[in-house]
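In the UniProt record's numbering, the protein residues as written are 1 to 275. Okay, structure first, notes after.
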Amino acid sequence: MPFRIRKGKAGAAPERHDSGTGDEDSVAQDIRCRRRGFRCRRTGRAGSATGRAEAGMTRVVLISGSLRRGSVNSAALRAVRRIVESAPGAPEAVSLPIGRLPFYDGDVERAGASPAVRAARVLVADADALVVSTPSYNGAVPGVLKNALDWLSRPDGASPLTGRVVAVLSASPSGRGAIDAQPALMDLLDACEAVVVEHPPVAIRRADRRLDEAGEMSDPEVLAALRGLVDATFEAVAILADQRCSASARRGRPAPAQLRRAVSGAETRTSEVAL
Ligand SMILES: Cc1cc2nc3c(=O)[nH]c(=O)nc-3n(C[C@H](O)[C@H](O)[C@H](O)COP(=O)(O)O)c2cc1C
1 MPFRIRKGKA GAAPERHDSG TGDEDSVAQD IRCRRRGFRC RRTGRAGSAT
51 GRAEAGMTRV VLISGSLRRG SVNSAALRAV RRIVESAPGA PEAVSLPIGR
101 LPFYDGDVER AGASPAVRAA RVLVADADAL VVSTPSYNGA VPGVLKNALD
151 WLSRPDGASP LTGRVVAVLS ASPSGRGAID AQPALMDLLD ACEAVVVEHP
201 PVAIRRADRR LDEAGEMSDP EVLAALRGLV DATFEAVAIL ADQRCSASAR
251 RGRPAPAQLR RAVSGAETRT SEVAL
């Protein structure tokens with residue numbers, strides 16, 4: 001499968017290729033093919049481990065859209081953390097506790113934001129990539145996650161999300177795995193000029209049944225899907241690092257501007273995925 005990085009605004013209807021198992025309890029692995037203005041092709045790297053080494057990954061920030069102690073999204077991200085930290089080079093995986101952020105308030109921002117907001121911005125600015133896991137609240141992302149991304153989208157023109165690689169997943173006890181929240185989350189990340197990793201959707205359905213006695217995601221199918229997402233994320237970081245280097249060397253311009261131009265363009269959007 002060609003590797004693509006998702007970027008840009010909503011557009012026309014997508015092509016769709018579903019490769020689900022048909023098993024009601026299986027992890028969603030539907031493959032969405034979208035036309036993108038920017039396409040990252042595999043560049044002859046010999047597998048994901050090589051991609052990771054070239055990427056020089058040091059830090060991944062994990063954001064759960066749920067504050068619940070027993071959250072299945074947070075459990076999924078704990079599994080992501082274990083996968084990331086066992087990768088070559090042992091990158092660090094750090095959780096960003098978004099429940100500590102105040103409601104966005106322009107007056108608070110003008111006054112210098114809060115320590116929690118400043119710390120969140122620094123954490124994201126220092127990260128190679130983010131992994132965001134969301135529940136679906138009435139078909140959209142929870143307000144607390146929207147609030148966090150709104151803070152991180154600031155200040156205008158210097159957001160730590162701009163050009164940041166972000167992978168998205170969702171989890172829910174329901175039969176749809178909260179996949180209906182993913183388009184809204186991707187729209188939001190596009191608006192923040194993040195670089196969303198294109199990957200077969202990972203939507204963990206019946207997620208509560210996939211936890212072990214310790215409350216951890218131990219289901220092999222889920223772990224395989226999360227490994228795939230992490231590999232795609234690392235590869236995206238490696239490819240973008242290559243692009244930034246070559247764009248800088250070629251034109252002598254600041255790499256982030258090159259990158260943003262490279263990833264802009266006509267986009268498609270998946271609004272519905274059959275599980
Ligand atoms: C306000 C609210 C709205 C919800 N809306 C949906 C929904 O539209 N679809 C769905 O599958 N689940 C919905 N749920 C159920 C959540 O997906 C479920 O609570 C899930 O476990 C939350 O994720 P967590 O375990 O990570 O906290 C809703 C829950 C709340 C509190």
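C-beta atoms are modelled at their ideal positions from N, C-alpha and C, and glycine is treated no differently. All values reported here derive from a predicted model rather than from experimental measurement.
Rounded Cβ spacing between residue i and residue j (contact assumed at less than 8 Å)
i	j	result
V141	A184	6 Å
V168	V196	6 Å
A207	G163	Going by Cβ atoms, the distance from A207 to G163 rounds to 31 Å, so no, they are not a contact pair.
R127	E216	Rather than Arg, the amino acid found at residue 127 in this sequence is Ala. Actually they do not touch by this definition, with Cβ atoms about 23 Å apart.
G60	A158	The sequence shown places Val at residue 60, rather than the Gly named in the question. Incorrect: roughly 22 Å between the Cβ atoms, too far for contact.
V202	A225	5 Å
R209	V222	In fact, because the Cβ distance is near 10 Å, the residues do not count as touching under 8 Å.
P102	S114	5 Å
V72	I204	7 Å
Endpoints, alpha helix (DSSP H) assigned at residue i
i	result
A148	G143 to L152
L62	Looking at the DSSP string, L62 is not in any alpha helix (DSSP H); the run it does join, the beta strand (DSSP E), is R59 to S64.
Where the beta strand (DSSP E) through residue i begins and ends
i	result
L130	A129 to T134
A87	From DSSP, A87 is part of no beta strand (DSSP E); its letter is neither H nor E.
V117	Counting along the chain, V117 falls outside any beta strand (DSSP E), though it belongs to the alpha helix (DSSP H) covering P115 to A125.
A93	E92 to S95
Nonlocal neighbours in the same chain, by C-beta distance under 7 Å from residue i, ignoring five residues either side
i	result
R100	A116
P160	R121, V124, A125 and L152
L67	G99 and V144
Y104	N147, D150 and W151
D219	R210
S74	S64 and S66
Which of helix, strand or coil DSSP assigns to residue i
i	result
M217	strand
S172	coil
R205	coil
S159	coil
E54	Legend: pLDDT at E54 = 48, less than 50; position of this residue unreliable, value from coordinates given subsequently. Three-state result, E54: helix.
A111	coil
A191	helix
L223	helix
L211	strand
A167	strand
A184	helix
A140	strand
Beta-carbon contacts of residue i that lie in its chain and below 6 Å, excluding the five residues immediately before and after
i	result
S95	L62
D180	S136 and G139
L77	L62, S64 and S133
L189	V166 and V196
R227	I83
L240	none
E193	T162
Residues of its chain near residue i, where Cβ-Cβ distance is below 8 Å and the 5 sequence neighbours each way are ignored
i	result
A232	F3, A167, V197, E198 and H199
T58	G89, P91, E92 and D128
G22	Legend: pLDDT at G22 = 29, less than 50; position of this residue unreliable, no value from coordinates given.
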